[in-house]
Every structure is written in structure tokens, then in C-alpha cells.
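A.B. asks: Protein sequence lines, in the order shown, are assigned to chains A and B.
Residue numbering for the first sequence follows the numbering used here, beginning at 972 and increasing consecutively.
Residue numbering for the second sequence follows the numbering used here, beginning at 972 and increasing consecutively.
C-beta atoms are modelled at their ideal positions from N, C-alpha and C, and glycine is treated no differently.
Protein chains: 2
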Amino acid sequence: MSNHQISSVAGPDIRFVLVRTSHPGNIGAAARAIRTMGFARLGLVAPHKFPHPDAVALASGATAVLDDAAIAPTLVEAVADCTMVLGCTARARAVQLEELSPREAAARALAASVNGPVAIVFGNERTGLENDELMSCHAAVRIPSVEDFPSLNLAQAVQVLAYETRLAMLERVPQASGESKSDPAATAEQLEYMFEHLAQMLDDIDFHKGRSPVTIMKRLRRLFLHAGLDQREVRILRGIFDDAQRMARMARQKN
Amino acid sequence: MSNHQISSVAGPDIRFVLVRTSHPGNIGAAARAIRTMGFARLGLVAPHKFPHPDAVALASGATAVLDDAAIAPTLVEAVADCTMVLGCTARARAVQLEELSPREAAARALAASVNGPVAIVFGNERTGLENDELMSCHAAVRIPSVEDFPSLNLAQAVQVLAYETRLAMLERVPQASGESKSDPAATAEQLEYMFEHLAQMLDDIDFHKGRSPVTIMKRLRRLFLHAGLDQREVRILRGIFDDAQRMARMARQKN
């Protein structure tokens, strides 16, 4: 994968910065995580082992992100050009920082990226961000994990933030309609004709056997109305009703 | 970590099911991922290597989730008791399933969990879910990754879904139950029997007339799965199928 592919990843100047990462595999997994979400900029502050074959293996093809990673000796240097720095932390800290949810952080990062580079920062696997590192951050981000098991894997925390930032980007651009049903929705009139047909078919196959058809038809109406039928589905169902009626006619004719 | 800790994880009956996972490390990482988000139920369908030390290592303390994992030979068996089954897939598929975003899927899963167990299903690392496995799912979930690098690491996909489901839980305000359906939701097993019955009935009434039944059955599956059937509705529909088959038998006998 070449830099050409990287530069084809358009979008805001948001970088993901990993601080004092112990395991190179986590660097690779983080590279993959941001790449799947359309980001390409990885910052590494004093990684314990990098470059490393484990990073390449876990990047699973996102090697261009690793090749282009910016390495810095301190967080201050890694984010020197950034207009906003958000630090992920699992615990409430003594440092008095505004605390954002991942969703809030994504919105904030995207908005700020108009003005210049934005960094989302992740600490060491075991110790997280040190207090002095959090002091370099403009706000803290807390992934809402459970209290008795709060610590996400580093690359998974990166995934959550990259995912939310991608959603924030996607929500900003007008989207094509979500469902790719090609057939137009059935009209109320088509549905009423279908229900008449269904009622007649149930009569023909002697479904009611003397019981009142009213309750059953109410239930079936609700069922099919809830399904959100399109015009092709109405045609399919009416085709089934036709064949059931044909069988009933044949059965009767022979009697 | 004991079962005591697991049982302290209250909440909806939502299980995360990993199908034919190749790398036991991913099983461990997935266990950690769901545990951080407050979930405890892991299902494993024909894992290639499990139990395995890599799973324990990557679970990073979430060993109770691994110890309690339910292992099944097939996906059908793993989700037989579920009232809703959601399958994660990276690509648009031939299988005609409603496609949900992770956020939509989380809301749907949480709502359905009131009626019975819900499964969120993830395929093999390399091949994903096979089409026949997707056929066991009531809807597909697609994480909105970029087109030119769509494939998330398995445990990271699990993390995204667990994260969204936790958010949905946290955001949930006590809701007035919208629908006053008194009947319990149909289970995956009941729905599969119903689809078998439907297919047989269509054969019996000669609906296909030489055309392939595959496309029609896919469409009908989607239609009925989207309708959110309860057990009484399944009984009503199967009663209709029975009567149509009875007519077809009578018609044939007379010939």
C-alpha cells in the first residue's frame, strides 16, 4: 500500500497520538483501526519498540499509516502544531479538565479541525496518560466503560474514538438514503386491495372454520403493515394468494 | 474472577456470538471488549482453538466471560432461543437483509431484549459470515468503514457494537411500552420452522412454476423478519399454510 493511497484519504486533519506504547502490536492494531475509519495520521510519542514486525503484522495491510507515523520524544512536541488536543483517560483524574464523551469529543475534534490540526491522545497500556501529559490536553475523553472493569485495550479505545469521529464526519455530509430497496413502497390503496385479496383467500381455503374472521384480519393487517411492504412484495404475496385460491378451486371442483 | 462478578453484571440478555474464530487471542480480546461495556455473555460457534492460553492472555482479566462462554457446533444452535439475531458484515451481500448501522442495531437489540435473548453475531476473521449464516440473522449490521479498507479486526468490531449497546442502555429512559402485544416474541427456532413450512407450502401450491425459489424465499424472509412476529402470529401464519397445503393435497388427490 503506497502513500498514494494515504493521500486519497481525504478529510479533516485529525491525528491519533499514542504515548509511550509498550506493545508494538497495539501500534499496528491502532493503525488498522484508524485506517478502517478513513484516517491516516498516527503520532507516536516515545514508543517502546518501533518499528517492529508485530506492528506490521497487526496493521493487517495498513502499513502506509505506520510508514507515515510521526515519532516525537514528548507529547508536547507531538501536538505542538495542534489547535485542539483531546486526551483519553479511563479514570477521573485530579487534573481539572473538562470531560467529554467520545461522541462529544468527535464533534469537538471535527469542528476544531477547520482551524488546524487536532490530536486525540492515548496513554500507555498500563498506566494511561500521566497527569503532566493530561495537562497538555484541552479536554479529557472518557469512554463510558463499567466501573469494575474500566480498561479497554489501547487499540480498541482508538477504534471507538475513530469510529465516533467518522460518524461525526458522515453525519455532516448529506447522505444517500439508507435503505437500498429499489422497489417503491406500497401505497395505501395497494395494501387495501391486498388485504381484500388475503381475506378472500382465507375464506377460499376455509381457514376460519366458522370462527369470526375479524380478529384474525386485524392481526394480519397489523403484521403486514408493520413489515413496511414495497410494491414487489405486495405482488409476491398476492401471487401466493392466487395460487392458494387456485388449489382451493381445484379441490372444490373435484368434489 | 468468579461467577459472582459475572452475575453482578446486570442488564439485558444480549450475547455476543463469534462464529468459527481462527485466532483464540481474538476471542480473549472480544471477552475483554464486552466486559468493559458491562456484558458477560459470549457465544462461540465452532472456534478453531478454544480454550487456549492466548484467549486468557488477551482477555486481560475477563476470564469469567471466557469460563462462561457457551460453545455450539452451529450458529443455528447458538441462537435457537434468541428472539432477535443481528449479523455483522463488512460487505453488502447477496442476502437480502435489512441493513442497520451499529447505533440502530444497538437500539433494536436493546428493545428486543425485553422479549427474550438477543444475539449479535460476528463471522470468521478472514471470511466473515457465510451467506447461510447470514440467513440465520434477522438483520445485518454494517460498521461504516471506508470502502478501500473495510475490514475491522474482529475484537474491534465487537468493541464498537458493545460500545453502542452500552450507550443505548445508558441513554435509555424508562419507556412506556409502545405496543401492547401480550404474546411473547417468536424465537429464531420458531421462525426457522415457519420458513421451512412456508417453503414447503409454496412448493405444494406450485407457486414457483419452475423458477428458482431462492430469491423469493430471501425476500419473504426479510419481509417476515422485518415484521417482528410474535408467537401467536407465527401460529396464525402456519395455520394459513396448513390450510393452503390441505387444499393442494385435495386438488392433487382428485387428479
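1) Touch check for the stretch 1120–1130 of chain A and the stretch 1029–1038 of chain B: three-plus C-beta pairs under 8 Å?
2) Run down chain A in chain order and give the residues with a C-beta less than 9 Å from the C-beta of B/LEU1141.
3) Name the chain C residues whose beta carbon is nearer than 7 Å to that of A/GLU1204?
4) Would B/ARG1006 pass as an interface residue toward chain A - the criterion being a Cβ-Cβ separation below 8 Å?
5) Using Cβ-Cβ distances below 8 Å, what residues of the stretch 1107–1132 of chain B are close to chain A?
6) Would you say B/ARG1079 lies against chain A (beta-carbon separation less than 8 Å)?
7) Are any of the Cβ atoms in chain B nearer than 8 Å to that of A/GLY1199?
8) Excluding sequence positions up to five away, which residues of its chain have a Cβ less than 6 Å from the Cβ of A/THR1054?
9) Out of curiosity, what's the CA-to-CA distance linking A/THR1186 and A/ASP1154?
10) Mapping DSSP to helix, strand and coil, what is A/ALA1002?
11) What residues from chain A crowd round B/PHE1178, counting only those whose CB sits closer than 8 Å?
12) Report yes if the C-beta of A/ARG1113 is less than 7 Å from at least one heavy atom of the ligand GDP; otherwise report no.
13) May I ask you to report which of helix, strand or coil DSSP gives A/ASN1102?
14) Per DSSP, B/GLY1014 forms a beta bridge with which residues?
15) Could you please give the first and the last residue of the uninterrupted alpha helix (DSSP H) stretch that includes B/MET1172?
16) In whole angstroms, what separates the C-alpha of A/LEU1100 from that of A/ILE998?
17) Per DSSP, what are the beta-bridge partners of B/ASP1201 in this structure?
18) Can you tell me which of A/ASP1025, A/ASP1052, A/ALA1040 and A/ALA1156 puts its alpha carbon nearest to the alpha carbon of A/ALA1017?
19) Determine the direct distance from the alpha carbon of B/ALA1049 to that of A/GLN1127, and round the result to whole angstroms.
20) Would B/ALA1083 count as contacting chain A if we go by Cβ distances under 8 Å?
21) What residues of chain B sit near A/ILE1187, judged by a beta carbon separation below 8 Å?
22) Just to confirm the assignment, what range does the beta strand (DSSP E) spanning B/MET1055 have?
23) Report the rounded CA-to-CA distance for B/HIS1168 versus B/MET1106, giving the unit in angstroms.
24) Kindly list, in the order they appear in chain B, the residues whose Cβ is closer than 7 Å to that of A/ARG1003.
25) I need the DSSP call for A/GLU1135, collapsed to helix, strand or coil.
26) Count the other CB atoms within 10 Å of the CB of B/ALA1215; is the residue buried (16 or more) or exposed (fewer)?
27) Can you list, in chain order, the residues of its chain with a C-beta nearer than 8 Å to that of A/SER1116? Leave out the 5 residues immediately preceding and following it.
28) From B/PRO995 to A/CYS1108, what distance separates their C-alpha atoms?
29) Please confirm whether A/ALA1133 and A/ILE1042 have their CB atoms less than 8 Å apart.
30) Do we get a CB-CB distance below 8 Å when we pair B/MET1055 with the residues of chain A?
31) Whose Cβ in chain B lies nearer than 7 Å to the Cβ of A/ARG1137?
32) From B/LEU1200 to A/LYS1189, what does the alpha carbon distance come to, in whole angstroms?
33) Could you tell me if A/ARG1079 is buried or exposed, where buried requires 16 or more neighbouring beta carbons within 10 angstroms of its beta carbon?
34) Between B/LEU1173 and chain A, is the shortest Cβ-Cβ distance under 8 Å, so that the two count as touching?
35) Between A/ALA1110, A/PHE1093 and A/GLU1104, which lies nearest to A/GLU1069 when the distance is taken from Cα to Cα?
36) Just mark A/ASP1103 as buried or exposed, buried being the case when its beta carbon has 16 or more other beta carbons within 10 Å.
C.D. replies: Concretely, from the data shown:
1) yes
2) Neighbours of B/LEU1141 in chain A, taken as residues at a C-beta separation under 9 Å, are given in chain order as PRO1115.
3) The chain labelled as chain C is not found among the protein chains of the depicted structure, namely A and B.
4) yes
5) ILE1114, PRO1115, SER1116, VAL1117, ASP1119, PHE1120, PRO1121, SER1122, LEU1123, ASN1124, ALA1126, GLN1127, GLN1130 and VAL1131
6) No, its Cβ sits nowhere closer than 8 Å to a Cβ of chain A.
7) Yes, its Cβ sits closer than 8 Å to a Cβ of chain B.
8) Close CB contacts of A/THR1054 within its chain, under the 6 Å cut and outside five residues either way in sequence, are with ALA1083, ASN1086 and GLY1087 (chain order).
9) 31 Å
10) helix
11) GLY1210, ILE1211 and ASP1214
12) Ligands are entirely absent from the displayed structure, and the ligand GDP is therefore not among its contents.
13) A/ASN1102 carries a helical assignment under DSSP once its states are collapsed to helix, strand and coil.
14) B/VAL988 and B/ALA1041
15) For B/MET1172, the uninterrupted alpha helix (DSSP H) segment begins and ends at 1159–1175.
16) 16 Å
17) B/ALA1156
18) A/ALA1040
19) 26 Å
20) no
21) ILE1207
22) 1055–1059
23) 16 Å
24) ASN1124
25) helix
26) Under the 10 Å beta carbon count, B/ALA1215 is surrounded by 16 or more other beta carbons and is classified as buried.
27) The residues are ALA1061, SER1122 and LEU1123.
28) 37 Å
29) no
30) no
31) PRO1115
32) 14 Å
33) buried
34) yes
35) For the residues A/ALA1110, A/PHE1093 and A/GLU1104, the minimum Cα distance to A/GLU1069 belongs to A/ALA1110.
36) In the assembly as shown, A/ASP1103 is an exposed residue. Its beta-carbon has fewer than 16 other beta-carbons within 10 Å.
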